[in-house]
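Structure record follows, encoded as structure tokens.
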Amino acid sequence: MSIRKEAETEKQKLRNMPPKDRAWYIWEYYKFHILALILAVAALWTLGGILYRQTFTTRLSIAIVNDRAGNASSTANLEAGLKEALGFGKKDLIEINEGLTARFGEEGMSQFEYASLAKISALVASRSLDVFIGDQEAVGHYETVNAFQDLEEYLPPELYSRVKDSVYSAEDEQGVLKPVALSLEGTSFASQTGIVMNPPYLSVMSTSQHKEEVLQMIEYLFR
133 MSIRKEAETE
143 KQKLRNMPPK
153 DRAWYIWEYY
163 KFHILALILA
173 VAALWTLGGI
183 LYRQTFTTRL
193 SIAIVNDRAG
203 NASSTANLEA
213 GLKEALGFGK
223 KDLIEINEGL
233 TARFGEEGMS
243 QFEYASLAKI
253 SALVASRSLD
263 VFIGDQEAVG
273 HYETVNAFQD
283 LEEYLPPELY
293 SRVKDSVYSA
303 EDEQGVLKPV
313 ALSLEGTSFA
323 SQTGIVMNPP
333 YLSVMSTSQH
343 KEEVLQMIEY
353 LFR
């Protein structure tokens with residue numbers, strides 16, 4: 133029997149069946165075809181999503197460490213404000229890594245804290261992190277491995293002069309004090325996010341790949 137005749141026979145057979153029997157017959161005899169079709173559609177959907185995602189560009193990556201507000205805070209307003217201020221389009225991404233908690237003595241550390249430290253290390257190692265926002269302890273710890281830019285060298289003189297009253301210095305690997313962070317106390321950061329630190333400090337990663345975007349972020353917060 134030809135494929136065409138077989139198809140006509142199957143169609144006629146289905147027409148003559150009650151609806152309940154028709155559904156049972158289709159599933160019983162064509163379930164593998166149906167499952168194969170579903171898997172093929174899912175694979176194409178996933179591939180399409182991956183290809184579409186590759187058309188986006190991460191323009192700024194931020195880590196927020198030791199926010200004590202927990203689920204009460206949100207960076208949605210900060211992200212929206214930054215995108216507008218920096219002139220980002222729909223496919224320009226700001227990646228904000230929230231919910232990271234770091235303590236720096238191994239005793240009593242939870243699995244979540246270990247996971248947070250591992251994520252921060254991975255972001256730093258991959259050179260994909262631009263801005264670090266954390267409390268004084270976190271900034272001090274990471275500066276001991278020279279993680280941050282010297283802000284007096286990094287910032288344009290006019291901008292540094294404007295923010296110098298907010299500068300916080302920490303010791304580097306050699307024990308030398310360097311201006312590596314800006315206190316965000318008194319800026320719109322807390323009101324935009326609800327993040328609780330006492331106070332939050334902003335540092336620029338020494339491996340940052342987006343210098344202009346970071347400078348624009350600092351300008352935005354200290355306007």
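Numbering (my numbering), first residue to last: 133 to 355.
For each residue, glycine too, the CB sits at the ideal point set by N, CA and C.
Thinking residue i and residue j are a contact (beta carbons under 8 Å), I'd like their distance in whole angstroms, please.
i, j, result
"V336", "Q281", "4 Å"
"L283", "V299", "6 Å"
"L291", "I350", "7 Å"
"L192", "H342", "6 Å"
Compare the Cα-Cα distances from residue i to each of the options and report the closest residue.
i, options, result
"I196", "E344, F354, Q348, Y333", "Y333"
"E345", "E290, E227, S258, S293", "E227"
"E303", "S242, D297, P311", "P311"
"T189", "A201, A217, L225, K163", "L225"
"G326", "L210, Y286, L347, P288", "L210"
"A322", "I265, Q348, F220", "I265"
"A247", "E230, L179, L169", "E230"
"F354", "P289, W177, T207, T319", "T319"
"R259", "L169, A168, S338", "S338"
If you run the structure through DSSP and keep just helix, strand and coil, what is residue i?
i, result
"N203", "helix"
"M329", "coil"
"A279", "coil"
"L249", "helix"
"R259", "coil"
"R147", "helix"
Can you give me the Cβ contacts of residue i inside the same chain, cut-off strictly under 7 Å, excluding the 5 residues immediately before and after it?
i, result
"E245", "T233, A234, R235"
"A204", "G326"
Using the Cα positions of residue i and residue j, report the straight-line distance between them to the nearest angstrom.
i, j, result
"V271", "V328", "16 Å"
"T276", "L309", "10 Å"
"Q306", "N278", "9 Å"
"S340", "A257", "11 Å"
"Y352", "L214", "7 Å"
"L314", "V295", "8 Å"
"E285", "S293", "12 Å"
"H165", "A174", "14 Å"
"L261", "K163", "48 Å"
"L171", "L179", "12 Å"
"I194", "L176", "32 Å"
"T207", "R147", "58 Å"
"E216", "L347", "15 Å"
"M241", "N330", "21 Å"
Kindly examine the ligand MG and report whether one of its heavy atoms sits closer than 7 Å to the Cβ of residue i.
i, result
"E269", "Among the components of this structure there are no ligands whatsoever, and the ligand MG is therefore not found."
Spatial neighbours of residue i within its chain, please: C-beta separation below 8 Å, excluding the five flanking residues on both sides.
i, result
"L255", "S193, A195, N229, L261"
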